[in-house]
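Enquirer:
Number of protein chains: 2
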Amino acid sequence: MEDKEWKEWVHWVAEEYGLDLSKERVTEKQRRILEAAIHIFAEKGFEGASTSSIAKEAGVAEATIFKHYKTKKGLLLYLVIPALSRVVVPYILKPVVKILEKEQSLSEIIPELYADRLQLVENNWRKIQIILVESLYQPEIREAVQNHVATKIFGEVVERVEEWQKEGRIRNDLPAHVVARSIISMGFGFIVTKNILPGKAVQQGQSEELSWTAEALLHGIAGSLEQKNN
Amino acid sequence: MEDKEWKEWVHWVAEEYGLDLSKERVTEKQRRILEAAIHIFAEKGFEGASTSSIAKEAGVAEATIFKHYKTKKGLLLYLVIPALSRVVVPYILKPVVKILEKEQSLSEIIPELYADRLQLVENNWRKIQIILVESLYQPEIREAVQNHVATKIFGEVVERVEEWQKEGRIRNDLPAHVVARSIISMGFGFIVTKNILPGKAVQQGQSEELSWTAEALLHGIAGSLEQKNN
DNA sequence: TCATGAAATGAGTGATTACTCACTTATTAT
DNA sequence: ATAATAAGTGAGTAATCACTCATTTCATGA
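Given below as structure tokens:
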């Protein structure tokens, strides 16, 4: 991760969460602790990561970690809660802006949208992995994901879909939440299978695969023998 | 989990994996250890689970665990590797049989297929959770999932799609792997959002939601303004 | 230059970890 | 009935765990 990005992030954290508002300055050692924590939490999981190994990788004394974050779980939450918003905010806002301004067809917008989200996931994969896994075990994180991430993303997509339905760009004989779920499912499916089954589920160049994916989403997979019956 | 199911499973394990072929009998205490291990691994994760807590819940001495499974990781693998095949085998075989025998339209088959897989996932959720999480951390599990589960499922779906394309039931102007990915993505998306966003992404009765999902998959979400351009 | 407070640390703490071993109890074959 | 083998255990082990504390190092403003 870039040094500059880190400074921005940690500064934003300090502002947003009121932690250390006065002492918002983040030392070099604190930055190294956060960096090492992301690396080791992602590699071993929360329980598998030891504070001593984090301290070792960060090149600080173990006590320094507890000086700043009080507990091991405090360190985890300090990493995760801001990351949630950092993923959420661009997820919600960027596509909206892009779509409202451009007057392209959906078959041009959708692949672009997917490519953008794919990039976001790949850039933040280690943090996302921590969030996914720990939301299964840590109630605070699970609730934050449900209430502040998943719900907001889904609601935003539903709103957009409803507008498109009024404009006739999307079928209005399907409920908006079903359409929203389809858009999100196809995007996530692309990202997941690309990583789980490299070279099988995604075979050709990425932009071509994304175009096909959008085509399947927009116009379906049924052949001429299948009747539209809804 | 049912007692009978357990006996079948463990018996099958013994046969399939050649572990303890002579001593294929599984004692009551071994069964209780496996039961407790699934519960605690799912609740706390592999690293978060202690062998002492598993022994306590199973009502056996801690040493008994190591007598049978040698290490903590051995216990995990003994649970996971068979479960992989137990999920995979019905996943691959059941839909194939069902689809080959019935001559229904895809808009009838697909919801049935999804409902069936949804049930499978819900019945085995704790084991699936262990597999998903630990495949991120344990290379043996990751490789088993990739090579023996994901690849086989995907290959099976692709074959089926290719047949349907020849029969004209599915568009043949899209690559089979894209269609296969779409079918799987929509199914998994349904299952995931149903659990992450209950009441939002899946609002109505399940069978109605599944029909809509199949309709979106088969005929797409585009409105009349969007042109089919591929 | 020096006082002040935060940053950082080395050396611990008791608790818990996965695992071992010598031993006892239960099961089975003859 | 008895010998042989497997199942099961209580009491440990050294290592590691998250975390504490008294003390030192460092940065900053007057």
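Going line by line, the protein sequences match chains A and B. The letter at position 67 of the first sequence is residue 67 when you use the UniProt record's numbering, and the numbering goes up by one with no holes. The letter at position 135 of the second sequence is residue 135 when you use the UniProt record's numbering, and the numbering goes up by one with no holes. Glycine residues also receive a C-beta, built at the ideal position from the N, C-alpha and C atoms.
1. Write down every uninterrupted run of the alpha helix (DSSP H) in the region 103-150 of chain B whose length is 4 residues or greater and which is fully enclosed by it, in chain order.
2. Which one of A:Thr213, A:Glu103 and A:Val121 has the shortest CA to CA distance from Val88 of chain A?
3. Please return the same chain residues whose Cβ sits closer than 8 Å to the Cβ of Ile109 of chain B, not counting the five positions on each side in sequence.
4. Identify the contact partners of Thr27 of chain A in chain B, using a Cβ-Cβ distance below 8 Å as the criterion.
5. In angstroms, rounded to a whole number, what distance separates the CA positions of Glu62 of chain B and Ser135 of chain B?
6. Could you give the distance in angstroms between the alpha-carbon of Gly59 of chain A and the alpha-carbon of Thr51 of chain A?
7. What do you get for Leu75 of chain B, buried or exposed, if any count of 16 or more other CB atoms within 10 angstroms of its CB means buried?
8. Under 7 Å Cβ-Cβ, which residues of chain B neighbour Pro175 of chain A?
9. Have a look at Ala36 of chain A and Phe46 of chain A and give me their C-alpha separation to the nearest angstrom.
10. If Ser107 of chain B sits next to Glu226 of chain A, beta carbons under 8 Å apart, how far is it from one beta carbon to the other, in whole angstroms?
11. Quick check: Ser211 of chain A and Met186 of chain B, are their CB atoms within less than 7 Å of each other?
12. Between which residues of its own chain and Leu113 of chain B is the CB-CB distance below 6 Å, once the five residues before and five after are set aside?
13. Tell me the DSSP secondary structure of Val202 of chain A in three-state form.
14. At a threshold of 6 Å, does Leu217 of chain A count as lining the ligand SAH (C-beta to nearest heavy atom)?
15. Going by the CB atoms, is the gap between Glu156 of chain B and Ile92 of chain B shorter than 7 Å?
16. Three Cβ pairs or more, each shorter than 8 Å: is that satisfied between the region 141-158 of chain B and the region 189-202 of chain A?
17. Looking only at its chain, what residues have a beta carbon closer than 6 Å to the beta carbon of Arg142 of chain B, apart from the 5 residues adjacent to it on each side?
18. When you compare only the Cα positions, how much space is there between Ser22 of chain A and Val80 of chain B?
19. Going by DSSP in three states, Ala222 of chain A sits in which element: helix, strand or coil?
20. Along the chain, where does the alpha helix (DSSP H) containing Lys70 of chain A start, and where does it finish?
21. Can you give me the start and stop residues for the alpha helix (DSSP H) that Asn195 of chain A sits inside?
22. Should Lys200 of chain B be flagged as near chain A, meaning a C-beta pair shorter than 7 Å?
23. Listed in chain order, which residues of the region 144-163 of chain A have Cβ atoms closer than 9 Å to some Cβ of chain B?
24. What are the residues that DSSP puts in a beta bridge with Ile153 of chain B?
25. In or out: Gly220 of chain A buried (at least 16 other Cβ within 10 Å) or exposed?
26. So Pro174 of chain B and Ala144 of chain A are supposed to be a Cβ contact under 8 Å. How far apart are they, rounded?
27. Please check if any C-beta of chain A sits within less than 7 Å of the C-beta of Asp133 of chain B.
28. Give a yes or no on whether the minimum CB-CB distance between Arg171 of chain A and chain B is below 7 Å.
29. Would you please state the rounded distance, in angstroms, between the beta carbons of Phe41 of chain B and Ile128 of chain B? I believe it to be under 8 Å.
30. Note the first and the last residue of the continuous alpha helix (DSSP H) segment covering Ser53 of chain A.
31. In the DSSP assignment, find the unbroken alpha helix (DSSP H) run with Ile40 of chain B in it and report its ends.
32. If the criterion is Cβ atoms closer than 7 Å, does the pair Ala201 of chain B and Arg181 of chain A meet it?
33. Here's the rule I'm using: 16 or more other beta-carbon atoms within 10 Å means buried, otherwise exposed. How should Pro139 of chain A be labelled?
34. Could you compute how far the alpha carbon of Arg171 of chain A sits from the alpha carbon of Ser224 of chain A?
35. Please state if the CB of Arg126 of chain A and the CB of Ile38 of chain A are separated by a distance shorter than 7 Å.
36. Which value, in whole angstroms, describes the spacing of the CA atoms of Ile65 of chain B and Ile65 of chain A?
Expert: In short:
1. 106-123, 125-137 and 139-144
2. A:Val121
3. Lys98, Ile99 and Lys102
4. Ordered by position in chain B, no residue passes the 8 Å Cβ test against Thr27 of chain A, which lies about 30 Å from the chain.
5. 26 Å
6. 12 Å
7. buried
8. Trp212
9. 13 Å
10. 7 Å
11. no
12. Pro95
13. strand
14. Because no ligand of any kind appears in the structure shown, any question about the ligand SAH cannot be addressed here.
15. yes
16. yes
17. Ser135
18. Confidence at Ser22 of chain A is low in this model, with a pLDDT of 35, below 50, so the placement of that residue should be treated as unreliable; the coordinate-derived value is given next. Rounded to the nearest angstrom, the two C-alpha atoms are 50 Å apart.
19. strand
20. Taken as a continuous stretch (DSSP letters only), Lys70 of chain A belongs to no alpha helix (DSSP H), as it is neither H nor E.
21. Ala176 to Ile196
22. yes
23. Val145, Gln146, Ala150, Thr151, Phe154, Gly155, Val158 and Val161
24. Ile153 of chain B pairs with nothing; no bridge assigned.
25. buried
26. Correcting the residue type first, residue 174 of chain B is Leu in the shown sequence and not Pro. Between Ala144 of chain A and Leu174 of chain B the Cβ distance is about 38 Å, and since that is not below 8 Å, they are no contact.
27. Rather than Asp, the amino acid found at residue 133 of chain B in this sequence is Val. Chain A, which has a Cβ nearer than 7 Å to the Cβ of Val133 of chain B, makes this yes.
28. yes
29. With a Cβ gap of about 12 Å, Phe41 of chain B and Ile128 of chain B do not count as contacting.
30. Thr51 to Ala58
31. Glu28 to Gly48
32. yes
33. exposed
34. 19 Å
35. yes
36. 36 Å
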